[in-house]
Structure formats: structure tokens, C-alpha cells
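**Q** Encoded as C-alpha cells, here's the structure I'll be asking about.
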Amino acid sequence: MRYLTAIELANWMALYVAAGSCCVIAMALSCATTMVEVVRERGWSSVNSLRSAILFVPKIWWRWQKLYLTSMPVTLGIVILFATSMRWS
Numbered sequence: 000m001r002y003l004t005a006i007e008l009a010n011w012m013a014l015y016v017a018a019g020s021c022c023v024i025a026m027a028l029s030c031a032t033t034m035v036e037v038v039r040e041r042g043w044s045s046v047n048s049l050r051s052a053i054l055f056v057p058k059i060w061w062r063w064q065k066l067y068l069t070s071m072p073v074t075l076g077i078v079i080l081f082a083t084s085m086r087w088s
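With the first letter of the sequence shown counted as 1, position 33 gets the number 32 in numbering that gives the first Met the number 0; the numbers rise by one all the way through.
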């Protein structure tokens with residue numbers, strides 16, 4: 000079994016840090032956008048029964064999830080470009 004060299008190990012760690020940073024930024028932006036949209040639309044005003052109150056949270060979660068998942072191509076592109084700019088051996 001071949002072990003990683005010091006350069007490869009450093010590159011993998013840098014890639015994980017870059018991907019994690021991109022995901023944190025995407026999460027923060029999608030949370031902020033979701034909250035702004037809910038406040039602008041006054042989404043809580045449609046909550047008038049127990050059933051609508053129970054369904055309010057999944058609706059917000061689904062909205063956040065769609066926004067967060069749309070950042071995937073950008074995150075993937077950044078990480079791929081970062082990985083190709085590294086020296087691996």
C-alpha cells in the first residue's frame with residue numbers, strides 16, 4: 000500500500016479546507032436569502048391553523064435547500080480549479 004507524500008497530504012488538506020469554506024459561505028448566503036424572502040413575503044401571515052403551522056417549517060427548509068443546492072456547481076468549479084492549480088508530485 001502506497002502512502003501519501005507530504006505534498007499530497009498538504010494538497011488534500013487544502014482541498015478539504017477550500018471545499019468546507021465554500022460550503023460555509025454558500026450556507027450563510029442561502030440562509031440570509033431565505034430569511035429575507037420570508038420577511039419580504041410575510042410568510043408567517045399564511046399560518047392560520049395547526050396544519051399550516053406544522054407545514055411552515057418544511058416549506059422554509061425546502062426553500063433554503065433549493066438555494067443551497069444551486070451553489071453546488073460554483074463550489075465544484077472552484078474546488079476543481081484549485082485542485083488543478085496544485086503540484087501533486
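Where a beta carbon is used, it is the ideal one built from N, C-alpha and C, also for glycine.
May I have the straight-line CA-CA distance separating Ser20 from Ser44, to the nearest angstrom?
**A** 35 Å
**Q** Give me the residue from Ala52, Ala31, Thr4 and Val73 with the minimum Cα distance to Trp63.
**A** Ala31
**Q** Where does Thr33 land, buried or exposed, given buried means 16+ other C-beta within 10 angstroms?
**A** buried
**Q** Measure from the alpha carbon of Glu36 to the alpha carbon of each residue in Arg86, Ala17, Leu54 and Trp60, then state which is nearest.
**A** Measuring from the Cα of Glu36, the nearest candidate turns out to be Trp60.
**Q** Does Ser51 pass the burial test, meaning 16 or more other C-beta atoms within 10 Å, or should it be called exposed?
**A** exposed
**Q** Determine the extent of the alpha helix (DSSP H) in which Ser44 is found, giving its start and end residues.
**A** Unbroken run through Ser44: none, as it is neither H nor E.
**Q** Unbroken alpha helix (DSSP H) runs of length 4 or more, entirely within the segment 2-84: which are they?
**A** Those alpha helix (DSSP H) runs which fall completely within the segment 2-84 and span 4+ residues are 5-40, 49-68 and 71-83.
**Q** Residues in its own chain within less than 8 Å of Ala18 by CB, not counting five upstream and five downstream?
**A** Thr74 and Val78
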